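Have a look at the structure below, then the notes.
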Amino acid sequence: MAQILCIGDAMLDVIVKMQGQMYLGSDTVSQISTHGGGAAANTATWLASSGHKVFYVCRIGDDAAGRVIANEFDTWNIEYKPELLKEHRTGIVVVLVDQNGERSMFPDRGANSGLSELDLPDLSRFGAVFLSGYALFNPLSQDGVLRMVNDMREANLEIFFNPGSVGVMSNLGVDACRKRCNLMDLLIMNQAEAEFLTGESDVKSALNELSKDVETVVITTNSQGAMGKSRGKQIINSPILPITAIDSTGAGDAFAAGFIGRWIESKDLESSLKAGNSLASGCVTTIGARPSVNPK
Numbered sequence: 001m002a003q004i005l006c007i008g009d010a011m012l013d014v015i016v017k018m019q020g021q022m023y024l025g026s027d028t029v030s031q032i033s034t035h036g037g038g039a040a041a042n043t044a045t046w047l048a049s050s051g052h053k054v055f056y057v058c059r060i061g062d063d064a065a066g067r068v069i070a071n072e073f074d075t076w077n078i079e080y081k082p083e084l085l086k087e088h089r090t091g092i093v094v095v096l097v098d099q100n101g102e103r104s105m106f107p108d109r110g111a112n113s114g115l116s117e118l119d120l121p122d123l124s125r126f127g128a129v130f131l132s133g134y135a136l137f138n139p140l141s142q143d144g145v146l147r148m149v150n151d152m153r154e155a156n157l158e159i160f161f162n163p164g165s166v167g168v169m170s171n172l173g174v175d176a177c178r179k180r181c182n183l184m185d186l187l188i189m190n191q192a193e194a195e196f197l198t199g200e201s202d203v204k205s206a207l208n209e210l211s212k213d214v215e216t217v218v219i220t221t222n223s224q225g226a227m228g229k230s231r232g233k234q235i236i237n238s239p240i241l242p243i244t245a246i247d248s249t250g251a252g253d254a255f256a257a258g259f260i261g262r263w264i265e266s267k268d269l270e271s272s273l274k275a276g277n278s279l280a281s282g283c284v285t286t287i288g289a290r291p292s293v294n295p296k
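Residue numbers (the UniProt record's numbering): 1 to 296.
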């Protein structure tokens with residue numbers, strides 16, 4: 001089985017799960033924990049937990065947070081460039097989780113902003129690539145990551161891309177984001193991101209619009225599962241069973257891992273959507289964006 005290359009931010013998540021109503025300017029009782037995070041890093045971990053060989057391209061500072069992240073990669077047997085960057089701080093994101101499991105995120109990208117094509121390993125060893133939009137849309141790393149994309153296209157690697165968030169894309173604008181999305185082979189995004197890129201609130205309409213320029217597009221929804229469309233083919237809907245969400249952090253990243261893992265084996269859209277839903281459902285029933293137990 002060829003390795004999967006994942007590229008993007010490596011972050012330390014500080015998760016604040018509020019135990020009641022937030023009182024601005026005062027105290028709100030909370031449960032606080034720290035976990036490794038970063039969209040592509042989360043996807044890499046879920047892929048590794050499912051038995052896939054993964055190489056992760058990122059930038060980690062030589063500090064306490066960086067050592068926590070590196071230790072997690074080692075635990076999951078995720079290969080990465082081992083050197084921690086001196087005089088750089090590791091990225092950290094504070095995640096506020098309300099009583100319904102919805103989250104608000106406050107990121108400081110830190111060392112991730114220096115990501116460039118110089119960080120790429122030999123591409124001949126990989127069968128596919130997952131790229132996070134946080135790296136591609138960051139003004140400080142976008143030029144280097146665009147050169148990465150060109151190198152990967154020249155190597156004929158299938159590129160899976162997740163835009164990241166509307167907040168990240170809004171700084172760049174719709175036209176520039178669409179142009180970069182069109183460089184990819186397969187898009188995985190949520191409904192809000194799809195609406196931002198197309199102006200369509202209806203998922204099917206957004207799929208039809210995006211698939212004009214990209215071979216395969218997948219859109220996830222908060223509670224209804226996911227839909228996908230390959231160019232020239234019918235839309236496929238994959239619903240999910242009702243579940244009680246504890247923490248939605250990382251659900252989209254887990255979905256991407258489940259989808260990619262099945263897709264590279266089968267190229268079947270329906271079964272890949274189901275695999276993505278299955279892994280995402282497991283993610284939202286635990287605290288944090290990563291698998292809670294190492295199966296090895």
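Note that the Cβ used here is the ideal one computed from N, Cα and C, for glycine as well. Keep in mind that this is a model prediction, so the values were computed, not measured.
Give the straight-line distance between the Cα atoms of residue i and residue j, rounded to the nearest whole angstrom.
i: Cys-58; j: Asn-100; result: 32 Å
i: Lys-296; j: Asp-202; result: Interpretation of Lys-296 is limited by its pLDDT of 48, a score under 50 that renders its predicted location unreliable; no figure is taken from the coordinates.
i: Ile-15; j: Phe-161; result: 25 Å
i: Val-93; j: Phe-137; result: 17 Å
i: Ile-246; j: Ile-264; result: 30 Å
i: Met-148; j: Pro-291; result: 28 Å
i: His-52; j: Ser-248; result: 23 Å
i: Gly-114; j: His-35; result: 22 Å
i: Ser-141; j: Phe-130; result: 17 Å
i: Asp-253; j: Ala-39; result: 6 Å
i: His-88; j: Asp-63; result: 8 Å
i: Cys-6; j: Val-54; result: 7 Å
i: Trp-232; j: Leu-186; result: It should be noted that the sequence gives Gly, not Trp, for residue 232. Their backbone Cα atoms lie some 14 Å apart in a straight line.
i: Ser-166; j: Ser-104; result: Residue identity differs from the one stated: residue 166 is Val in this sequence, not Ser. Val-166 and Ser-104: Cα-Cα distance of roughly 13 Å.
i: Trp-76; j: Ala-70; result: 10 Å
i: Ser-124; j: Ile-78; result: 18 Å
i: Ile-60; j: Arg-109; result: 10 Å
i: Leu-183; j: Ala-2; result: 23 Å
i: Met-18; j: Asp-27; result: 10 Å
i: Gly-288; j: Lys-212; result: 36 Å
What three-state label does DSSP hand residue i in the structure shown?
i: Tyr-56; result: strand
i: residue 303; result: Because the chain spans 1 through 296 in this model, residue 303 falls outside it and cannot be assessed.
i: Asn-237; result: strand
i: Val-214; result: coil
i: Gln-31; result: strand
i: Ser-223; result: coil
i: Asp-63; result: coil
i: Ser-170; result: helix
i: Tyr-134; result: helix
i: Met-184; result: coil
i: Ser-230; result: strand
i: Glu-79; result: strand
i: Pro-295; result: Any reading at Pro-295 must be qualified, since the residue scores a pLDDT of 47, below 50, and its modelled position is unreliable; no value is offered.
i: Ile-246; result: coil
i: Lys-267; result: coil
i: Asp-122; result: coil
i: Met-22; result: coil
i: Ala-251; result: helix
i: Ser-205; result: helix
Quickly, what does DSSP pair residue i with across the bridge? List them, please.
i: Ile-4; result: Val-54, Ala-128
i: Ser-104; result: Leu-96
i: Leu-146; result: DSSP, once it has assigned bridges, lists no residue as partnering Leu-146.
i: Met-11; result: Gly-37, Gly-91
i: Asn-162; result: Ser-132
i: Val-16; result: Ile-32, Leu-96
i: residue 303; result: Nothing about residue 303 can be read from this structure; the chain reaches only from 1 to 296.
Decide if residue i is buried, meaning its Cβ has at least 16 other Cβ atoms within 10 Å, or exposed.
i: Phe-106; result: exposed
i: Asp-268; result: exposed
i: Val-29; result: exposed
i: Met-169; result: buried
i: Gln-191; result: buried
i: Asn-112; result: buried
i: Asn-42; result: buried
i: Met-22; result: exposed
i: Asn-277; result: buried
i: Thr-90; result: buried
i: Gly-20; result: exposed
i: Pro-139; result: exposed
i: Glu-102; result: exposed
i: Gly-144; result: buried
i: Ser-266; result: exposed
i: Asp-74; result: exposed
i: Lys-274; result: buried
Can you tell me which of the options puts its alpha carbon nearest to the alpha carbon of residue i?
i: Ile-32; options: Ile-235, Ala-39, Val-95; result: Val-95
i: Asp-175; options: Val-168, Ser-165, Pro-163, Leu-197; result: Leu-197
i: Ile-219; options: Lys-233, Ala-256, Gly-250, Pro-242; result: Ala-256
i: Val-284; options: Ser-141, Ile-78, Ala-206, Trp-46; result: Trp-46
i: Leu-207; options: Gln-234, Val-145, Ser-50; result: Gln-234
i: Asn-222; options: Ala-275, Pro-242, Thr-90; result: Pro-242
i: Gly-173; options: Glu-193, Met-184, Asp-185, Asn-156; result: Glu-193
i: Ile-240; options: Gly-250, Leu-279, Pro-163; result: Leu-279
i: Leu-11; options: Ser-132, Ser-49, Glu-209; result: According to the sequence shown, residue 11 is Met rather than Leu. The shortest Cα separation from Met-11 among Ser-132, Ser-49, Glu-209 belongs to Ser-132.
i: Met-152; options: Lys-179, Pro-121, Tyr-80, Pro-163; result: Pro-121
i: Ile-159; options: Ser-271, Thr-244, Leu-273, Ile-260; result: Ile-260
i: Glu-72; options: Asp-98, Thr-286, Ala-44, Ser-50; result: Ala-44
Counting contacts by CB-CB distance shorter than 7 Å, is residue i in contact with chain E?
i: Ser-248; result: This model lacks chain E altogether, as it is built from one protein chain only.
Can we count residue i as close to the ligand HEM, meaning its CB is less than 6 Å from some heavy atom?
i: Gln-3; result: With respect to the ligand HEM, the structure offers nothing, as it holds no ligand at all.
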